[in-house]
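Enquirer:
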Amino acid sequence: MNPSGPTQPSDEHDPSRHNLDPHLDRYAARTAGMTASEIRALFAVASRPEVVSLAGGMPNLTALPLESLAAQMSDLIREEGLTGLQYGSAQGVPTLREQICEIMALEGISAHPDDVVVTVGSQMGLDMVTRLFCDPGDVVLAEGPSYVGAIGSFTAYQAEIEHVAMDDDGLVPENLREALARTEREGKRVKFLYTIPNFHNPAGVTLAVNRRSEILEICRQHGVLVIEDNPYGLLDFNGNIYPALRASDPDNVIYLGSFSKTFASGLRVGWVLAPHAVREKLVLAAESATLCPPTLNQLVVSRYLSSHDWMGQIKTFRENYRERRDAILGALEQHMPPGCSWTHPSGGFYVWLTVPEGVDAKAMLPRAVTARVAYASGTGFYANAEGSSQMRLSYCYPTPERLREGVRRLAGVLESEIELVHTFGTVHARTSSGPETPSPDTA
Amino acid sequence: MGDSTKAERTVAVLAGGLSHERDISLRSGRRLSAALRPEGLHVEEWDTDASLITRLRDQRPHAAIVALHGGEGENGSIQAVLEMLDVPYVGTSAHACRRAWDKPTAKAEIAEAGYPTPGWVVLPHSTFRELGAPAMLEAMVDCLGLPLILKPDQGGSALGTQVVRDKAELSTAMVGCFAYADAVLAERFIEGVEVAVTVVERDGELEALPPVEIVPESGVYDYTSRYTAGLTDFFAPARLTDEVAAGVAELGISAHKLLGLRDISRTDAMIDGDGTVHFLEVNISPGLTETSTVPMAIEASGRTLGMIYSDLVDQATKRSR
């Protein structure tokens with residue numbers, strides 16, 4: 001480290017030495033990827049109003065009845081403050097768990113409130129499930145691409161992620177069979193399949209109903225548990241509600257639900273529905289993680305569900321998101337250069353865009369930020385190096401006008417990048433350090 | 001304006017902006033503000049958006065400090081605005097910023113004055129398109145050799161900077177670099193000891209603070225090495241022989257003078273195996289984050305960030321009288 005010649009040697013105890021992290025040799029191996037990221041830093045600009053951000057996944061809350069919620073919260077503190085501001089059960093408030101069962105019944109799920117564990121967002125549920133099931137080196141199957149928060153949890157527990165490719169109808173059963181056969185041949189143990197069947201994040205596709213029983217059957221045959229993550233299930237733009245996987249296989253599916261997309265993401269209230277034996281362990285795991293989910297927030301959700309037309313509110317959200325979806329798809333059709341393709345979501349928040357061969361969406365991001373538009377590059381949604389020619393476009397937050405302007409800017413950026421690739425020939429995706437997707441508070 | 005007590009004086013720390021370095025700038029701004037408050041100044045952190053001019057006009061801060069990195073914060077634009085509105089500010093004038101900010105221009109000026117700087121070429125995308133990239137890249141490698149380092153011709157924090165050791169990596173690296181700027185500076189890569197020297201100007205006198213030696217674990221001082229605490233070892237003062245240390249200090253002071261810089265600057269340099277000090281670039285609004293070298297140099301000089309910048313605020317307000 002100290003070349004001979006111009007410098008004078010010194011040892012580790014040199015008072016001039018500044019290692020800015022004295023704990024460096026104490027960190028667990030799982031922190032290896034927790035470094036500063038050039039890509040992540042660019043998202044700081046996305047929060048500025050000059051930039052049209054298609055990067056984050058923040059729900060659009062402008063349609064919420066804030067005045068009425070304010071009155072409700074005030075009543076809540078007056079009437080149940082001593083409960084709401086106190087510790088609660090690790091499993092969650094019983095009334096809320098009953099209401100959660102009523103919501104899940106819409107998707108064909110028959111569940112008992114005792115089997116529901118309320119969590120700090122469904123992200124905590126995902127973290128706990130991974131903690132319960134995965135030892136380092138265990139294999140988790142996930143769609144390719146997959147939700148970045150899930151990849152983060154699996155990686156934190158040092159699980160190995162095998163992606164299973166999708167098509168326009170979601171997870172392809174044949175690909176799932178092949179992935180299971182391959183991992184079994186390699187002597188690896190697959191612990192579970194993680195899937196987002198409805199309005200997939202980031203792909204925007206929905207698992208065809210006629211594939212659902214086949215997927216469940218394959219997993220049963222191979223002794224693989226299914227983790228069904230369904231935050232967007234009630235956000236179909238035509239008002240359809242798809243049958244949950246959990247509805248047809250209660251013993252082999254763990255269901256993750258959330259109020260983040262249907263009510264308020266800032267309250268951080270989600271849930272896990274699990275078979276009895278798993279639920280017992282989940283409660284203990286939850287207790288060691290947070291003691292209990294925030295009681296006040298649970299009571300807020302519970303009151304909202306009992307005193308507001310929450311289904312009517314979801315209908316309003318759906319209409320808002322449908323208008324935005326139409327705006328972004330129309331703009332993509334109008335502006336995107338040849339060679340691009342994209343998914344056509346019928347619900348949820350996201351479009352998955354594939355750019356022409358040779359364009360590296362991650363390398364292009366600084367150019368986009370200069371042009372005042374941001375997106376999430378595809379590589380962040382894979383645990384391997386895939387996704388370099390893809391990106392996630394979120395249409396949930398900007399207005400339709402801003403979405404159209406954002407896509408127009410993005411098209412210009414792409415055209416310049418395509419020209420650059422033509423000049424230099426096909427290029428290979430660069431590797432980089434640290435997280436590549438925006439933080440949850442990025443619009 | 002200059003007669004008011006410190007406690008009555010408002011200092012606007014301009015941080016954020018819309019450049020690729022916004023995140024780093026916000027961190028610099030927060031750290032600087034926290035360092036200045038114990039000095040008795042009333043400090044406000046201002047982002048630079050459409051409200052800036054109205055705010056500067058209405059609130060008339062006693063001085064501004066440009067803690068913006070990249071883009072309008074370093075190319076002279078914000079400085080020109082401050083000059084137009086007659087707001088005293090810490091740092092280099094708009095005119096000098098424009099020269100120092102452009103890496104090839106600064107290198108040429110330093111080279112003309114006789115200081116070594118690694119051989120370089122600067123080329124826009126259009127040249128590659130019109131003359132053909134394969135032949136151009138071949139010529140670039142023939143001229144500079146390998147390894148070489150590609151940098152956006154303007155910008156900081158090592159964003160878009162890549163060391164290329166194999167010709168096969170060159171096309172991909174060029175595309176990555178052009179994502180940050182319209183022209184790429186390709187420079188011969190010098191293996192050696194990387195140092196940063198901070199120069200502080202007080203009443204017309206220039207002082208080079210102890211140079212900081214930078215030893216990245218990965219061997220390359222890229223964005224990750226810069227901003228992940230622990231991935232780089234720093235030595236302040238650098239472990240240099242007296243002769244080399246004097247050469248580094250001289251380079252820092254000369255660069256500051258030759259480029260017409262003001263108040264504070266940081267010069268980055270590389271020392272090869274023979275002890276030759278090579279100029280890399282200057283920074284007119286150097287980073288002040290927890291992992292930045294300027295605060296380390298200030299600490300090694302026995303002072304604090306707050307003391308130095310408080311003095312610079314005094315200097316800026318006196319200058320405007």
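So the protein sequences, as listed, match chains V and E. Counting along the first sequence from 1, when you hit position 213 you're at 213 in the UniProt record's numbering, and nothing is skipped either side. Counting along the second sequence from 1, when you hit position 50 you're at 50 in the UniProt record's numbering, and nothing is skipped either side. Glycine is no exception: its CB is placed at the ideal position from the N, C-alpha and C atoms.
(1) Going by the DSSP bridge assignment, what does W271(V) pair with across the sheet?
(2) Between the alpha carbons of L296(V) and F317(V), how many angstroms are there, rounded?
(3) May I have the straight-line CA-CA distance separating G270(V) from C101(V), to the nearest angstrom?
(4) Report the rounded CA-to-CA distance for I328(V) versus M391(V), giving the unit in angstroms.
(5) Using DSSP with H/G/I as helix, E/B as strand and the rest coil, what is D166(E)?
(6) Can you give me the C-alpha to C-alpha distance between P3(V) and A269(E), rounded to a whole angstrom?
(7) Does I53(E) have its Cβ less than 9 Å from a Cβ in chain V?
(8) Does any CB atom of chain V fall closer than 9 Å to the CB of A12(E)?
(9) Are the C-beta of residue 445(V) and some C-beta of chain E separated by less than 9 Å?
(10) Is the Cβ of S377(V) closer than 9 Å to any Cβ of chain E?
(11) How would you label E8(E), buried or exposed, when you count the other beta carbons within 10 angstroms and need 16 or more for buried?
(12) Which residues bound the alpha helix (DSSP H) around P173(V)?
(13) Spell out the partners DSSP gives F192(V) in its beta bridges.
(14) Using the C-alpha atoms, what's the distance from A376(V) back to R325(V)?
(15) Within 8 Å, do at least three Cβ pairs link the segment 56-76 of chain E to the segment 39-57 of chain V?
(16) Can you check which of these residues, F424(V), I227(V) and G233(V), is closest to D251(V) by C-alpha distance?
(17) Got a sec, what are the start and stop residues for the alpha helix (DSSP H) D233(E) sits in?
(18) Is there contact between the segment 112-127 of chain V and the segment 262-281 of chain V, where contact requires at least three CB pairs shorter than 8 Å?
(19) Is it the case that the Cβ atoms of V199(E) and H256(E) are separated by a distance below 9 Å?
(20) Taking 6 Å as the limit between beta carbons, can you name the residues of its chain near L393(V), skipping five residues before and five after?
(21) So with CB distances below 9 Å, who are the chain V contacts of R188(E)?
(22) With a Cβ-Cβ cutoff of 9 Å, do S307(V) and Q72(V) count as a contact?
(23) Under a three-way DSSP split, which group does Y350(V) fall into?
(24) Going by Cα to Cα distance, which pick from R37(E), G29(E) and E281(E) is closest to M307(E)?
(25) Using alpha carbons as the reference points, say which of Y309(E), G16(E) and L280(E) lies closest to K107(E).
(26) Please state whether DSSP places P250(V) in a helix, a strand or coil.
(27) Nearest-angstrom Cα distance between E107(V) and V283(V)?
(28) How big is the Cα-Cα spacing for E174(V) and M166(V)?
(29) Take T291(E) and list the residues in its own chain whose beta-carbon comes closer than 7 Å to its own, dropping the five residues that flank it on each side.
(30) Using a Cβ cut-off of 9 Å, pull out every chain V residue sitting near L159(E), in sequence order please.
(31) Looking at C-beta atoms only, is the number of pairs between the segment 136-144 of chain V and the segment 182-202 of chain V that lie closer than 8 Å three or more?
(32) To the nearest angstrom, how far is the alpha carbon of P94(V) from that of S248(V)?
(33) Does any residue of chain E bring its CB to less than 9 Å from the CB of P49(V)?
(34) Using alpha carbons as the reference points, say which of G156(E), A245(E), V313(E) and K151(E) lies closest to V163(E).
(35) With 9 Å as the threshold, decide whether the Cβ of N19(V) is near any Cβ in chain E.
(36) May I ask which residues mark the beginning and end of the beta strand (DSSP E) holding R293(V)?
Expert: According to the structure data:
(1) V118(V) and G257(V)
(2) 24 Å
(3) 13 Å
(4) 14 Å
(5) coil
(6) Note that P3(V) scores 44 on pLDDT, short of 50, meaning its location in the model is unreliable; the coordinates nonetheless yield the value given after this. The straight-line gap from Cα to Cα measures roughly 16 Å.
(7) no
(8) no
(9) Chain V is shown from 1 up to 443; residue 445(V) falls before or after that span and cannot be answered.
(10) no
(11) exposed
(12) P173 to R185
(13) V140(V) and L225(V)
(14) 17 Å
(15) no
(16) I227(V)
(17) First-last for D233(E): T232 to F235, but that is the beta strand (DSSP E), not the alpha helix (DSSP H).
(18) yes
(19) yes
(20) L54, V351, L353 and Y375
(21) Residues of chain V passing the Cβ test: none, with the nearest at roughly 18 Å.
(22) yes
(23) strand
(24) R37(E)
(25) L280(E)
(26) coil
(27) 24 Å
(28) 10 Å
(29) R226, Y227 and A229
(30) E38, A41, L42 and P366
(31) yes
(32) 25 Å
(33) yes
(34) K151(E)
(35) yes
(36) A quick correction: the sequence has Pro, not Arg, at residue 293(V). Looking at the DSSP string, P293(V) is not in any beta strand (DSSP E), and its letter there is neither H nor E.
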